[in-house]
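Chains as they are written, first to last, in this note's numbering: chain A, 287 to 605; chain B, 14 to 537. Don't be surprised by glycine CBs; every beta carbon is placed ideally from N, CA and C. As the structure is a computational prediction, the values presented were derived from the model and not from experiment. All remarks here apply to the structure that follows.
As structure tokens, then:
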């Protein structure tokens with residue numbers, strides 16, 4: 287009953303005076319709930335909308351001594367500088383390609399893992415598998431990169447193995463060709479278990495009668511996965527995909543920064559690390575604010591596109 | 014219902030006030046405290062204490078991994094009693110220090126003083142013009158007798174810190190001791206003797222020696238695990254170590270040659286190609302450590318201390334003290350065109366931007382007097398050696414650590430100079446630890462090959478500094494990345510023309526002209 291009311295108020299159209307009055311009455315009635323809402327609203331205002339005010343420095347020559355308002359306007363100069371920069375296309379290409387590859391390769395794997403775990407009959411075995419796969423999620427990025435460096439160094443175990451089989455040593459961490467493979471591969475290893483949790487939860491919500499009915503009709507295991515399990519979690523998949531796209535341009539900043547060196551920069555130089563090294567370390571706030579804004583615009587565009595696409599094709603979308 | 018409403022509104026306001034209040038307060042109170050004569054305090058122009066009533070200062074400082082907390086260091090404990098200035102240090106570790114420093118300025122949450130802060134010339138001009146750092150030239154005149162004396166003796170100090178408008182925003186660490194401005198070339202003489210080899214004099218001889226180090230198992234363990242040659246990572250020191258053998262100097266703290274009043278940035282020159290090709294040969298044949306572009310500082314120091322390295326570069330022998338008798342500092346190598354110079358050679362004002370006073374400082378005169386003491390031999394001794402009798406003794410009139418404070422563990426806890434960059438005077442008098450006989454000899458090997466004159470990085474006005482910054486951001490990044498690839502063989506020398514063309518496209522000529530103008534101004 288309570289739930290129904292809240293839903294109704296949330297969806298209420300704004301311009302009906304009679305209904306508006308009801309809205310206020312309802313808010314007053316459930317004031318404790320709305321009070322709780324204040325904290326997240328304040329959080330959003332402070333940390334997400336407040337900083338928008340500072341965005342103007344992208345169009346100014348920001349000098350902290352003069353403050354945001356006191357600095358002089360320069361229009362699109364910083365954008366122009368970025369678009370003309372030698373690194374522009376490389377940064378854009380790396381940012382897009384790393385994220386696109388992540389999406390194509392790393393996104394489906396947790397789904398497969400969830401389906402796999404769901405099909406395991408032995409409860410204890412599936413729990414064990416689940417635990418083992420999601421434990422790496424809790425290792426800090428710094429440690430992960432440390433592990434990678436040791437494993438993949440020229441005298442590390444992987445190169446020893448390669449040489450034992452007669453191959454020649456590969457300088458994994460110092461080559462541009464390997465960077466994306468290592469980055470995405472280790473991401474999958476670290477996060478697939480964790481990301482599969484939501485899918486597993488969604489799978490457990492599927493009505494068991496559907497499976498039984500499919501079984502009666504003589505559907506094989508694969509058929510049951512295809513016709514019952516997968517359609518059951520499609521809404522979750524779509525929502526998670528859209529959320530992932532929302533983060534599209536920002537993925538893995540710390541990890542990329544930690545893995546970066548001059549020899550793999552060709553493949554590892556992305557917008558977010560560029561913003562960090564020129565903006566924060568060298569104090570070029572206006573220039574990097576402009577780059578950051580450009581980055582966010584791409585992000586927003588992608589999000590809108592995917593959301594629209596999802597709404598049209600699968601009837602599930604964020605809005 | 015009315016009642017409900019009121020309560021809701023009240024609670025909302027309280028919550029909002031609490032959350033907003035927490036964030037708002039930090040930003041206030043920065044502008045109003047413009048620098049002014051030190052209020053009611055009288056600052057004595059000489060002698061101690063500096064002030065009669067205790068004064069508090071907040072100093073933001075860098076703390077190296079080897080250091081302990083500054084408040085436990087004898088220098089700051091004793092100096093506080095002596096000067097009546099109570100310093101509260103805000104310590105930021107070396108890793109991520111630049112980030113912290115820039116965020117201080119960006120958020121305008123300034124300390125009174127930045128100490129050991131490595132403020133770049135661009136930052137000094139930018140934050141000085143913005144009013145966050147105060148000009149120091151008048152304060153230096155009136156309240157810094159020791160610094161004044163040094164600046165008269167070494168005119169390059171003033172030249173390197175004065176902006177075209179005549180302002181000084183930062184004070185550098187000053188190094189009058191020659192051997193503290195060079196990285197010595199340490200070669201493993203134990204290995205040389207074992208393999209019956211001479212000390213290499215030319216690049217070709219060096220090559221042969223390194224090959225012998227690699228192949229003839231000088232450490233005698235039956236494995237080819239020796240590292241013939243290695244160096245630090247940041248800023249391509251492997252290139253600067255060899256550039257003098259190809260007639261490439263490092264003026265202005267940059268890749269610059271000055272010949273007959275002509276400034277040349279040599280990054281795209283044929284000589285530099287030869288240099289990179291030589292290093293590429295060393296790298297390809299496993300003579301140059303393959304981790305030379307990726308190992309951390311700690312790993313590099315471990316390689317020094319292991320004794321398993323044929324040759325490396327460092328200012329002192331402090332990092333390999335236990336096995337220091339294995340190594341000897343040698344002269345630079347003669348190159349294919351007869352060039353032989355120690356190009357890597359820091360200027361007298363070595364540690365730039367080591368000290369600055371901000372606009373929120375209520376006692377600029379006190380701060381200036383406070384720092385000036387460390388530019389005397391007496392103050393520098395206190396800073397570097399602590400208390401006489403407790404931490405050091407005079408040996409032949411020169412302060413020398415007692416044995417228990419001269420180890421790599423205890424010494425950096427005693428003094429803030431360990432880890433580099435502290436604003437003070439490094440003279441021969443206080444150099445016993447960093448300039449023991451072995452290091453003196455290593456410096457003597459370099460002495461005949463030192464450049465005649467060494468210009469420090471010039472100060473530009475704000476607009477030029479910004480232009481230089483924009484140019485160098487792209488150029489330096491490109492140069493470092495491509496050089497690394499040339500050396501590591503990830504990029505073939507067929508692409509040299511393309512490399513030159515790109516440098517040109519990045520307007521390296523404009524940059525060269527800016528440096529030329531700076532030089533012309535300086536020469537006048």
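query	result
Against chain A, with Cβ distances strictly below 8 Å, would residue 281(B) count as a contact?	no
At least one CB of chain B closer than 8 Å to the CB of residue 566(A): is that the case?	yes
What are the residues in the stretch 491–506 of chain B lying within 7 Å of chain A by C-beta distance?	491, 493, 494, 497, 498, 501 and 503
Around the Cβ of residue 414(B), are there at least 16 other Cβ atoms within 10 angstroms (buried) or fewer (exposed)?	buried
Quick one: is residue 529(B) near chain A, going by C-beta distance under 8 Å?	no
Hey, does residue 371(A) have any beta-carbon neighbour from chain B nearer than 8 Å?	yes
Please list the residues of the stretch 538–555 of chain A that have a C-beta atom closer than 7 Å to any C-beta atom in chain B, keeping them in chain order.	547, 548, 549 and 551
Scan the stretch 454–471 of chain A for residues whose Cβ lies nearer than 8 Å to a Cβ of chain B and list them as they occur along the chain.	457, 459, 460, 461 and 462
Relative to chain A, which residues along the stretch 131–150 of chain B have a C-beta separation below 9 Å, given in chain order?	133, 135, 136, 139, 140, 141, 142, 143, 144, 145 and 146
For residue 316(A), would you say it is in contact with chain B, using Cβ-to-Cβ distances shorter than 8 Å as the test?	no
Based on the DSSP output, what are the partners of residue 275(B) in its beta bridges?	272(B)
Can you tell me whether DSSP reads residue 366(B) as helix, strand or coil?	strand
Quick one: what's residue 199(B) bridged to in DSSP?	325(B) and 342(B)
Please compile the residues from chain A whose C-beta is within a distance smaller than 9 Å of the C-beta of residue 1(B).	Outside the modelled stretch of chain B, which goes from 14 to 537, sits residue 1(B), for which no answer is possible.
Using a threshold of 8 Å, state whether the C-beta atoms of residue 215(B) and residue 89(B) are closer than that.	no
Just to make sure I have the definition right: I need the residues of chain A whose C-beta is within less than 9 Å of the C-beta of residue 303(B). Which are they?	440, 457 and 460
Is any beta-carbon of chain B found at less than 8 Å from that of residue 367(A)?	yes
Can you tell me the Cα-Cα spacing of residue 292(B) and residue 227(B), whole angstroms?	16 Å
Cβ of residue 519(B) less than 8 Å from any chain A Cβ?	yes
For residue 139(B), is the classification buried or exposed, using 16 other Cβ atoms within 10 angstroms of its Cβ as the cut-off for buried?	buried
From the DSSP output, which residues share a beta bridge with residue 401(B)?	405(B)
Residue ranges of each beta strand (DSSP E) run of no fewer than 3 residues wholly in the stretch 184–252 of chain B, ordered along the chain?	184–188, 197–201 and 240–242
Counting C-beta neighbours from all protein chains within 10 Å, is the total for residue 302(B) 16 or more, i.e. buried, or is it exposed?	buried
Contact criterion: CB-CB distance below 8 Å. Does residue 251(B) meet it with respect to chain A?	no
Whole angstroms is fine: what's the gap from residue 92(B)'s alpha carbon to residue 432(B)'s?	21 Å
Closer than 8 Å, CB to CB, is residue 515(B) near chain A or not?	yes
For the beta strand (DSSP E) containing residue 103(B), name the first residue and the last one.	98–106
Run through chain A and tell me which residues come within less than 9 Å of residue 487(B), C-beta to C-beta.	371, 372 and 373
What does DSSP give as the partner residues of residue 73(B) in its beta bridges?	103(B) and 127(B)
Look up residue 354(A) in the DSSP assignment and say whether it is helix, strand or coil.	helix
Taking only three categories from DSSP, how would you classify residue 349(A)?	coil
Are residue 356(B) and residue 262(B) close, meaning C-beta to C-beta below 8 Å?	yes
Starting from residue 170(B), follow the alpha helix (DSSP H) in both directions and report where the run begins and ends.	168–174
Three-state secondary structure (DSSP) at residue 414(B)?	strand
Closer than 8 Å, Cβ to any Cβ of chain A: which residues of the stretch 87–113 of chain B, in chain order?	111 and 112
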